[in-house]
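*Asks:* Take this structure, written in structure tokens, and hold onto it; I'll ask about it next.
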Amino acid sequence: MSVRTRVAPVAVLTPGLAMWRSVVARNVVSFRRQWSAFVTGFAEPVFYLFSLGIGVGSLVPLVVTDGGSEVSYAAFVAPAMLASSAMNGAIMDSTFNVFFKLKYARIYDAMLATPLGPRDIAVGEVAWSLIRGGIYALVFYLVALAVGVVESWWSLLAVPAAVFIGLAFSAVGMFATTFMRSWVDFDWIMLVIQPLFLLSATFFPLGTYPGWAQPIVMATPLYHGVALERGLMLGEVGWGLLWHVGYLVVLGVVGIWATSRRIETLLRS
Numbered sequence: 008m009s010v011r012t013r014v015a016p017v018a019v020l021t022p023g024l025a026m027w028r029s030v031v032a033r034n035v036v037s038f039r040r041q042w043s044a045f046v047t048g049f050a051e052p053v054f055y056l057f058s059l060g061i062g063v064g065s066l067v068p069l070v071v072t073d074g075g076s077e078v079s080y081a082a083f084v085a086p087a088m089l090a091s092s093a094m095n096g097a098i099m100d101s102t103f104n105v106f107f108k109l110k111y112a113r114i115y116d117a118m119l120a121t122p123l124g125p126r127d128i129a130v131g132e133v134a135w136s137l138i139r140g141g142i143y144a145l146v147f148y149l150v151a152l153a154v155g156v157v158e159s160w161w162s163l164l165a166v167p168a169a170v171f172i173g174l175a176f177s178a179v180g181m182f183a184t185t186f187m188r189s190w191v192d193f194d195w196i197m198l199v200i201q202p203l204f205l206l207s208a209t210f211f212p213l214g215t216y217p218g219w220a221q222p223i224v225m226a227t228p229l230y231h232g233v234a235l236e237r238g239l240m241l242g243e244v245g246w247g248l249l250w251h252v253g254y255l256v257v258l259g260v261v262g263i264w265a266t267s268r269r270i271e272t273l274l275r276s
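Sequential numbering from 8 applies to the sequence shown in this note's numbering.
In structure tokens, the structure reads:
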């Protein structure tokens, strides 16, 4: 009896360590016939790259980055658009899709009737968002490579780095979604995402912002994603990039923990 008592907790916990994979597998099967839904996520950043980076960029002289390098405007904008692609993929999946599953399809209620727990649901959904965001980043990187706006071999790490961006935005996005009461509430998500997209040093170097605005910009998650991708794609690599990685990882881990707590509160109360 004593042996069973000691072994039982291990037997229960060990399968649960991989349970989140079931959530990912379910999403893969669900999206098999919805591949067109992936197109919209990276189409917008690609349009911005061609219209602003290449179109308007032909009228703009060389841009001096915050690292002191002189690059074309298209090469300056491309890393920011890659970061935005990762953000779009993570946000789209962790907000609208999660809300539908939570409030209407009641999929999470059914999942909790299985050995899955709130932590498994949160980790699984975030992992799926990372996959989607990673696909967007990869496609955009190949487009940027094809049009010749990649400046360094360090850019090979740009797609893996996009995973950290997706981690932060998917975790925080899913946490925010647990507070949504109706589809109208998603206007608040767009109210946050659009300024982030436009004002996180995406189109202008941080040094061009007013002094009082720079600390605000530097506190946003997309800025850290943009700075990370820009450093890799332009070859401005230094220890400072680890600060951006750390910021995104901490935000993602805290978001996953908070999301699992919220799901447990909502579905088991």
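Just so you know, even glycine gets a beta-carbon here, dropped at the ideal spot from N, CA and C.
Taking all protein chains shown into account, decide if Y115 is buried (16 or more other Cβ within 10 angstroms of its Cβ) or exposed.
*Replies:* Buried is the call here.
*Asks:* Do V130 and S37 count as a contact pair if the criterion is CB distance below 9 angstroms?
*Replies:* In this structure, V130 does not lie closer than 9 angstroms to S37 by Cβ.
*Asks:* To the nearest angstrom, how far is the alpha carbon of W190 from that of E271?
*Replies:* Distance between the alpha carbons of W190 and E271 is about 22 angstroms.
*Asks:* Can you list, in chain order, the residues of its chain whose CB lies under 7 angstroms from that of H251, leaving out five sequence neighbours each side?
*Replies:* The residues are H231, A234, L235.
*Asks:* Measure the C-alpha to C-alpha separation of A18 and V150 and round it to an integer number of angstroms.
*Replies:* Unreliable placement is indicated for A18, whose pLDDT of 34 sits below 50; no coordinate value is reported for it.
*Asks:* Measuring alpha carbon to alpha carbon, tell me which residue in V157, T102, L229 is nearest S136.
*Replies:* Residue T102 is the option with its Cα nearest to S136.
*Asks:* What's the C-alpha gap between G141 and Y148?
*Replies:* Taking the straight line joining both Cα atoms gives about 10 angstroms.
*Asks:* Less than 9 angstroms between the C-beta atoms of T209 and L229, yes or no?
*Replies:* Yes, the Cβ-Cβ distance between T209 and L229 is below 9 angstroms.
*Asks:* Alpha carbon to alpha carbon, what distance is there between R269 and V157?
*Replies:* Using only the alpha carbons, I get a separation of about 41 angstroms.
*Asks:* Quick one: is I223 buried, meaning 16 or more other Cβ sit within 10 Å of its Cβ, or exposed?
*Replies:* With fewer than 16 Cβ atoms within 10 Å of its Cβ, I223 is classed as exposed.
*Asks:* Tell me the residue span of the alpha helix (DSSP H) that contains A226.
*Replies:* Run containing A226: none; DSSP gives neither H nor E here.
*Asks:* Could you round the C-beta distance between A169 and I263 to whole angstroms and report it? I think they count as a contact, below 8 angstroms.
*Replies:* At roughly 18 angstroms, the Cβ-Cβ gap does not stay under 8 angstroms, so A169 and I263 are not in contact.
*Asks:* Could you have a look at V31 and say whether DSSP puts it in helix, strand or coil?
*Replies:* Note: V31 maps to helix in three-state DSSP.
*Asks:* Measuring only the C-alpha atoms, how far is T185 from S65?
*Replies:* Taking the straight line from one Cα to the other gives about 44 angstroms.
*Asks:* Under 9 angstroms between the Cβ atoms of L203 and M94?
*Replies:* In this structure, M94 lies closer than 9 angstroms to L203 by Cβ.
*Asks:* Just how far apart, CA to CA, sit R126 and L241?
*Replies:* Whole-angstrom Cα-Cα distance: 38 angstroms.
*Asks:* Could you tell me the alpha carbon to alpha carbon distance between R33 and S91, rounded to whole angstroms?
*Replies:* Going from the Cα of R33 to the Cα of S91 covers about 26 angstroms.
*Asks:* Evaluate Y143 with the Cβ neighbour count: other Cβ atoms within 10 Å of its Cβ, from every protein chain shown; 16 or more gives buried, anything less gives exposed.
*Replies:* Answer is buried; the Cβ neighbour count reaches 16.
*Asks:* State the start and end residues of the unbroken alpha helix (DSSP H) segment that holds E158.
*Replies:* Looking at the DSSP string, E158 is not in any alpha helix (DSSP H), and its letter there is neither H nor E.
*Asks:* Within this structure, are the beta carbons of F182 and A265 separated by less than 9 angstroms?
*Replies:* Yes, Cβ-Cβ distance for F182 and A265 is below 9 angstroms.
*Asks:* For F171, count neighbouring C-beta atoms within 10 Å of its own C-beta (all shown protein chains included) and say buried if the count is 16 or more, exposed if not.
*Replies:* By the neighbour-count rule (16 or more Cβ atoms within 10 Å), F171 is buried.
*Asks:* Is V261 helix, strand or coil when you go by DSSP?
*Replies:* Helix, per DSSP.
*Asks:* Using a Cβ-Cβ distance cut-off of 9 angstroms, determine whether A129 contacts chain D.
*Replies:* No chain D appears in the structure shown, which is made up of a single protein chain.
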